[in-house]
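*Asks:* Every letter in the sequence shown is one number past the one before it in full-length UniProt numbering, and letter 325, counting from 1, is 325.
Got a structure for you, written out below as structure tokens; questions coming shortly.
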Amino acid sequence: MPTTIAAEQIDRIVWNQHHDPFEVLGPHKIEDNGKVTWVVRAYQPDADAVWVWLPEQRQEYPMQSRHNPHFFECSIDLPELKNYQLRVKEGDRERIIYDPYAFRSPKLTEFDIHLFAEGNHHRIYEKLGAHLMTVDGVNGVYFAVWAPNARNVSILGQFNNWDGRRHQMRRTGNGVWELFIPDLGTNTAYKYEIKNPAGHIYEKSDPYGFQQEVRPKTASIVTDLDSYTWNDSEWMEKRRNSDALNQPISVYELHLGSWLHASSEEPAKLPNGDTEPVVITSELNPGGRFLTYRELAEKLVPYVKELGFTHIELLPVAEHPFDGSWGYQVTGYYAATSRFGTPQDFMYFVDTCHQNGIGVLIDWVPGHFPKDGHGLAFFDGTHLYEHADPRKGEHKEWGTLVFNYGRNEVRNFLVANALFWYDKYHIDGMRVDAVASMLYLNYLRKDGEWVANQYGGVEHIEAADFLRQVNHCLFSYFPGTISVAEESTSWPMVSWPTYVGGLGFNLKWNMGWMHDMLDYFKQDPWFRQFHQNNVTFSIMYHYSENFMLALSHDEVVHCKSSIIGKMPGPTDDPSYWQKFANVRALFTYMYAHPGKKTLFMGMEFGQWSEWNVWSDLEWHLLQYESHQKLKQFMSDINALYRSEPSLYTADFDQKGFDWIDCNDNQHSVVSFVRRDKETDDFIVAVCNFTPEPHSNYRIGVPEPGFYTELFNSDAGKYGGTNMGNLGGKWTDEWWYHNYPHSIDLCLPPLGVLLLKLDREKTQAALAGAEAEVN
Numbered sequence: 001m002p003t004t005i006a007a008e009q010i011d012r013i014v015w016n017q018h019h020d021p022f023e024v025l026g027p028h029k030i031e032d033n034g035k036v037t038w039v040v041r042a043y044q045p046d047a048d049a050v051w052v053w054l055p056e057q058r059q060e061y062p063m064q065s066r067h068n069p070h071f072f073e074c075s076i077d078l079p080e081l082k083n084y085q086l087r088v089k090e091g092d093r094e095r096i097i098y099d100p101y102a103f104r105s106p107k108l109t110e111f112d113i114h115l116f117a118e119g120n121h122h123r124i125y126e127k128l129g130a131h132l133m134t135v136d137g138v139n140g141v142y143f144a145v146w147a148p149n150a151r152n153v154s155i156l157g158q159f160n161n162w163d164g165r166r167h168q169m170r171r172t173g174n175g176v177w178e179l180f181i182p183d184l185g186t187n188t189a190y191k192y193e194i195k196n197p198a199g200h201i202y203e204k205s206d207p208y209g210f211q212q213e214v215r216p217k218t219a220s221i222v223t224d225l226d227s228y229t230w231n232d233s234e235w236m237e238k239r240r241n242s243d244a245l246n247q248p249i250s251v252y253e254l255h256l257g258s259w260l261h262a263s264s265e266e267p268a269k270l271p272n273g274d275t276e277p278v279v280i281t282s283e284l285n286p287g288g289r290f291l292t293y294r295e296l297a298e299k300l301v302p303y304v305k306e307l308g309f310t311h312i313e314l315l316p317v318a319e320h321p322f323d324g325s326w327g328y329q330v331t332g333y334y335a336a337t338s339r340f341g342t343p344q345d346f347m348y349f350v351d352t353c354h355q356n357g358i359g360v361l362i363d364w365v366p367g368h369f370p371k372d373g374h375g376l377a378f379f380d381g382t383h384l385y386e387h388a389d390p391r392k393g394e395h396k397e398w399g400t401l402v403f404n405y406g407r408n409e410v411r412n413f414l415v416a417n418a419l420f421w422y423d424k425y426h427i428d429g430m431r432v433d434a435v436a437s438m439l440y441l442n443y444l445r446k447d448g449e450w451v452a453n454q455y456g457g458v459e460h461i462e463a464a465d466f467l468r469q470v471n472h473c474l475f476s477y478f479p480g481t482i483s484v485a486e487e488s489t490s491w492p493m494v495s496w497p498t499y500v501g502g503l504g505f506n507l508k509w510n511m512g513w514m515h516d517m518l519d520y521f522k523q524d525p526w527f528r529q530f531h532q533n534n535v536t537f538s539i540m541y542h543y544s545e546n547f548m549l550a551l552s553h554d555e556v557v558h559c560k561s562s563i564i565g566k567m568p569g570p571t572d573d574p575s576y577w578q579k580f581a582n583v584r585a586l587f588t589y590m591y592a593h594p595g596k597k598t599l600f601m602g603m604e605f606g607q608w609s610e611w612n613v614w615s616d617l618e619w620h621l622l623q624y625e626s627h628q629k630l631k632q633f634m635s636d637i638n639a640l641y642r643s644e645p646s647l648y649t650a651d652f653d654q655k656g657f658d659w660i661d662c663n664d665n666q667h668s669v670v671s672f673v674r675r676d677k678e679t680d681d682f683i684v685a686v687c688n689f690t691p692e693p694h695s696n697y698r699i700g701v702p703e704p705g706f707y708t709e710l711f712n713s714d715a716g717k718y719g720g721t722n723m724g725n726l727g728g729k730w731t732d733e734w735w736y737h738n739y740p741h742s743i744d745l746c747l748p749p750l751g752v753l754l755l756k757l758d759r760e761k762t763q764a765a766l767a768g769a770e771a772e773v774n
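In structure tokens, the structure reads:
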């Protein structure tokens, strides 16, 4: 049979230069005077001989070499040709395979391409990437990747000896390349080989890959995210019908890789024959290994539940190549890091949290990405995901690249990624990292190193629009969830809805409160009288945003000292009572102050050292009574916070807070009222930020009666002096602080009191008094 295709076309396949190998390879129907003939072509590098095998007819047809010894062709006179196979002989080895070029039905529709091109395909991760599929009764994996400026793209893997000639992809609309490979399944490692027009080769992980190999390997791995059976329907339904802003939110922020390690000799519980846990490559922890997601579910979840936190916040769990980056140098935006196990293992962790009444937040990093060769940088041989102009596309100080938020497909990649974590992993919220770096074109850039927007300003308009789109979609699809901005500037309306022009987050970290309070508590208590404004200023702007008060990982690294290490106190006192008392006073004031709460791991028991990503928390400190008592304090303050609606329902309603007295700087005392949004309940907070107790300290209160001392940060069980008010005090008819009733208190040193009107006891006393009169 004479060849039916030009030699030039064959050469383009052999040299791996064809944009659509389906034009050449696979079955081709030829009709001549009513006669149907199928021409089948295959390119099999290293093959000595190839046959077309028809399983149903139990018949095979030898193929002939054409132009190249490894390019084969044959003709078959049949009206239909379905599900044929190729028998390939390579030396002494023979194998039977399905021809990937016989499967021509694309997964992406024209509508998919249209939505992606305009940046509105919110589930594009269900189309791009690697997906298990059955086509014409044959199981395999469908691959699709966006690389519009590539000359051609191939799939690499152990299944083809990492040879880009064997599985060449075809280009479809908007620069998406696709191919279905039969007989592949889960746990298949793969990469994309991408050639630019000049022929330069780039081997890339899948931007939409759901799993990656453990570092230092970089291939993506085929996995089935729908194989896990969730058991959190009750939690999800409750979340869907709630408003996070009216709920208690106290977040335990942690880094999974340094909360606790195990010995590499300690056997791990691994489901279904999963790979061994990853050993830590660090001189600080020789022979240690990471806990798996499932081990963390067994150890971390009960610990957080005991402490009473409502949520866990994880430093980024998206795949990253370097342990010491804390996770903020993301290379696999759709892949939960394999350091701790499989995607299904991470689902188990989240599921366990939900079944124990704990929400899960993750840190999300849409502001920048690293330059690693297997990642997004220069993805198709051009500046695809990043800006081409380094004045917009590079953070020189961080050594990272900036997403091109004005490009629809890039924006779609990120919007869908945010939704992906809520959809596939049931997360309850995300903290968006480094929002300020996204919003300002001159962020950490010198004059001449940035480009103004079209109006001559420093505002990054495309980035702001992107954040609005993310949050609008997020709350449309997943009501009751949380989106927190780490934003450190005065950009207006960060946590306001998008329909009024806000960025659409429902919470913003209060960086100003954090800096003011840490600066205040670092002061020797005698000097605090000159810095009263640090304590009170936050209320001046609190209602401009929905704030979350955060004492985060950033405050206990880079020579800033730990929280307890920042506190003043005599160094010759072996009990360090002033340091511990200061910590308790800070935390109690934080829980009484309007706003949701976040604390970083180790703060709950008074870790002395700065956080070190390579080592465990200082768990040995819990053998000492002072650290045990601080941990008990943390558990109790969280329990109180969750049980008292006055402390959380009106966080962002001006009716929920009133100063009683904020002017007593001479004694470094402030007092205020927190009110419940739905009832008449309220809590009175009185804070003494000096080590001197104050007896007969009078404050005005909203109503007469008996005020129970709900909480005393100086209680003996927490390591304090146990100075207080014997359980509570009755009011006097003494006008004070603009209230007709007041209460005479004993303020403990470096102590915070939380008091609540006992209405039953008050009513009983009034009834008794009336009975005596009558």
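All C-beta atoms in this analysis are idealised placements derived from N, C-alpha and C, irrespective of residue type, glycine included.
Quantities reported herein were computed from a predicted structural model and do not represent experimental measurements.
Between which two residues does the beta strand (DSSP E) harbouring THR708 extend?
*Replies:* If you number the sequence shown from 1, residue 708 lands on position 708. Residues 706 to 712.
*Asks:* Measuring CA to CA, which of GLU394, VAL278 and HIS395 is closest to ARG339?
*Replies:* Here residue 339 refers to the residue found at position 339 when the sequence shown is read from its first residue. Ranking the options by Cα distance to ARG339, first place goes to VAL278.
*Asks:* Please report how far the alpha carbon of VAL39 lies from the alpha carbon of HIS472, in whole angstroms.
*Replies:* Locating residue 39 in the sequence shown gives position 39, where the first residue counts as 1. Locating residue 472 in the sequence shown gives position 472, where the first residue counts as 1. Roughly 52 Å between the two C-alpha positions.
*Asks:* Contact defined as beta carbons within less than 8 Å: I believe VAL50 pairs with GLU60. What is the distance between those atoms, to the nearest angstrom?
*Replies:* Within the sequence shown, residue 50 is the residue found at index 50, counting from 1. Within the sequence shown, residue 60 is the residue found at index 60, counting from 1. With a Cβ gap of about 10 Å, VAL50 and GLU60 do not count as contacting.
*Asks:* For the structure I just gave you, are there three or more beta carbon pairs, one from the region 100 to 108 and one from the region 64 to 73, closer than 8 Å?
*Replies:* Result no; under three Cβ-Cβ pairs closer than 8 Å.
*Asks:* At the level of alpha carbons, what is the spacing between THR481 and GLU234?
*Replies:* The residue given as residue 481 occupies position 481 in the sequence shown. The residue given as residue 234 occupies position 234 in the sequence shown. Taking the straight line from one Cα to the other gives about 15 Å.
*Asks:* Name the two residues that bound the continuous alpha helix (DSSP H) containing PHE521.
*Replies:* On the sequence shown, residue 521 is found 521 positions in, with the first residue counted as 1. Here the alpha helix (DSSP H) through PHE521 covers 511 to 522.
*Asks:* Classify PRO574: buried if its beta carbon has 16 or more other beta carbons within 10 angstroms, exposed otherwise.
*Replies:* Taking the first residue of the sequence shown as position 1, residue 574 is located at position 574. The residue is exposed, with fewer than 16 neighbouring Cβ atoms inside 10 Å.
*Asks:* Within 10 angstroms of the Cβ of TYR455, are there 16 or more other Cβ atoms? Answer buried if so, exposed if not.
*Replies:* Along the sequence shown, one-based indexing puts residue 455 at 455. Its Cβ having fewer than 16 others within 10 Å, TYR455 is exposed.
*Asks:* What do you get for ALA416, buried or exposed, if any count of 16 or more other CB atoms within 10 angstroms of its CB means buried?
*Replies:* If you number the sequence shown from 1, residue 416 lands on position 416. Buried, by the Cβ-count rule.
*Asks:* Checking 8 Å against the spacing of the C-beta atoms, do TYR98 and VAL145 come in under that value?
*Replies:* Locating residue 98 in the sequence shown gives position 98, counting from the first residue. Locating residue 145 in the sequence shown gives position 145, counting from the first residue. Contact: no.
*Asks:* Using only alpha-carbon positions, find the residue among VAL153, TRP162, TYR84 and ALA388 that is nearest to ASP136.
*Replies:* Along the sequence shown, read from residue 1 onward, the residue named residue 136 stands at position 136. Considering only alpha carbons, the answer is TYR84.
*Asks:* Say the cut is 7 Å; is the CB of PHE22 nearer than that to a heavy atom of the ligand MN?
*Replies:* Here there are no bound small molecules, and the ligand MN is not part of this structure.
*Asks:* Just reading off the beta strand (DSSP E) that TYR334 is part of, what are its end residues?
*Replies:* Within the sequence shown, numbered from 1, the residue matching residue 334 stands at position 334. Unbroken beta strand (DSSP E) run through TYR334: 332 to 336.
*Asks:* Note down the Cα distance separating PHE706 from GLY606, rounded to an integer number of angstroms.
*Replies:* Residue numbering aside, residue 706 sits at position 706 when the sequence shown is read from its first letter. Residue numbering aside, residue 606 sits at position 606 when the sequence shown is read from its first letter. Cα-Cα distance, rounded: 35 Å.
*Asks:* Is ALA150 closer than 8 Å to ILE194 when the C-beta atoms are compared?
*Replies:* Stepping through the sequence shown from its first residue, residue 194 is reached at position 194. Stepping through the sequence shown from its first residue, residue 150 is reached at position 150. A contact, by the Cβ cut-off of 8 Å.
*Asks:* Give every residue of the same chain whose Cβ lies closer than 6 Å to the Cβ of THR186, excluding the five residues on either side of it in the sequence, and list them in chain order.
*Replies:* Start at 1 with the first residue of the sequence shown, and residue 186 comes out as number 186. Cβ neighbours of THR186 beyond the five flanking positions: VAL222, THR223 and ASP224.
*Asks:* Taking the runs of the alpha helix (DSSP H) that are 4 residues or longer, which of them lie wholly in the region 451 to 485?
*Replies:* Segments of the alpha helix (DSSP H) lying fully in the region 451 to 485: 461 to 477.
*Asks:* Does the count of Cβ pairs from the region 641 to 654 and the region 233 to 249 closer than 8 Å reach three?
*Replies:* In short, these stretches touch, since the Cβ pair count reaches three.
*Asks:* Quick one: give me the first and last residue of the alpha helix (DSSP H) that PHE581 is part of.
*Replies:* As a working note, residue 581 is residue 581 in the sequence shown. What sits at residue 581 in the sequence shown is Ala, not Phe. First-last of the alpha helix (DSSP H) with ALA581: 577 to 592.
*Asks:* Using DSSP with H/G/I as helix, E/B as strand and the rest coil, what is residue 775?
*Replies:* The chain is shown from 1 up to 774; residue 775 falls before or after that span and cannot be answered.
*Asks:* Should ARG674 go down as buried or exposed, given a rule of 16 or more other Cβ atoms within 10 Å for buried?
*Replies:* On the sequence shown, residue 674 is found 674 positions in, with the first residue counted as 1. Buried, because 16 or more other Cβ atoms sit within 10 Å of the Cβ of ARG674.
*Asks:* Since ALA219 is in the beta strand (DSSP E), which residue starts that stretch and which ends it?
*Replies:* Taking the first residue of the sequence shown as 1, we reach residue 219 at position 219. Here ALA219 belongs to no beta strand (DSSP E), and DSSP marks it neither H nor E.
*Asks:* What runs of the alpha helix (DSSP H), each 4 residues or longer, lie entirely inside the region 235 to 317?
*Replies:* For the region 235 to 317, whole alpha helix (DSSP H) runs of length 4 or above, ordered along the chain, are 256 to 259 and 293 to 307.
*Asks:* Should TYR576 go down as buried or exposed, given a rule of 16 or more other Cβ atoms within 10 Å for buried?
*Replies:* To locate residue 576, count along the sequence shown from 1; it is residue 576. It counts as buried.
*Asks:* What is the residue span of the alpha helix (DSSP H) that TYR422 lies within?
*Replies:* Along the sequence shown, one-based indexing puts residue 422 at 422. Run containing TYR422: 408 to 425, per the alpha helix (DSSP H) assignment.
*Asks:* What ranges does the alpha helix (DSSP H) occupy inside the region 7 to 82, keeping only unbroken runs of at least 4 residues that lie completely in it?
*Replies:* DSSP runs (the alpha helix (DSSP H)) wholly in the region 7 to 82: 7 to 14.
*Asks:* What are the complete beta strand (DSSP E) segments, minimum 3 residues, inside the region 102 to 190?
*Replies:* Taking only runs of at least 3 residues, the beta strand (DSSP E) segments lying wholly in the region 102 to 190 are 129 to 135, 138 to 146, 152 to 157 and 176 to 182.
*Asks:* Can you tell me where the beta strand (DSSP E) with ALA639 in it begins and where it stops?
*Replies:* Start at 1 with the first residue of the sequence shown, and residue 639 comes out as number 639. Where ALA639 is concerned, there is no enclosing beta strand (DSSP E), although the alpha helix (DSSP H) it sits in stretches over 625 to 643.
*Asks:* Apply the 10 Å Cβ neighbour rule to ILE96 and answer buried if 16 or more other Cβ atoms are within range, or exposed otherwise.
*Replies:* In the sequence shown, counting from the first residue as 1, residue 96 sits at position 96. Exposed, since its Cβ has fewer than 16 Cβ neighbours within 10 Å.
*Asks:* Across the region 682 to 689 and the region 627 to 634, are there enough close Cβ pairs to call them in contact, namely three or more that are closer than 8 Å?
*Replies:* With the cut-off at 8 Å, the region 682 to 689 and the region 627 to 634 do not touch.
*Asks:* How many angstroms separate the CA atom of residue 846 from the CA atom of GLU618?
*Replies:* No answer is possible for residue 846: the residues shown for the chain start at 1 and end at 774.
*Asks:* Which residues mark the beginning and the end of the beta strand (DSSP E) in which THR698 is found?
*Replies:* Along the sequence shown, one-based indexing puts residue 698 at 698. The question names Thr, but residue 698 in the sequence shown is Arg. From DSSP, the beta strand (DSSP E) with ARG698 extends over 694 to 701.
*Asks:* Who are the near neighbours of GLY273 in its chain, counting only those whose CB is closer than 7 Å to its CB and skipping five residues on each side?
*Replies:* Mapped onto the sequence shown, residue 273 falls at position 273. Because GLY273 sits at a pLDDT of 48, beneath the cut-off of 50, its placement in the model cannot be relied upon, and the point is left open.
*Asks:* Residues in the same chain with beta-carbon distance under 7 Å from GLY512, minus the five sequence neighbours each way, listed in chain order, please.
*Replies:* Locating residue 512 in the sequence shown gives position 512, counting from the first residue. Correct list, in chain order: SER538.
*Asks:* Does the region 400 to 416 touch the region 118 to 129, meaning 3 or more C-beta pairs lie closer than 8 Å?
*Replies:* Yes, they touch.
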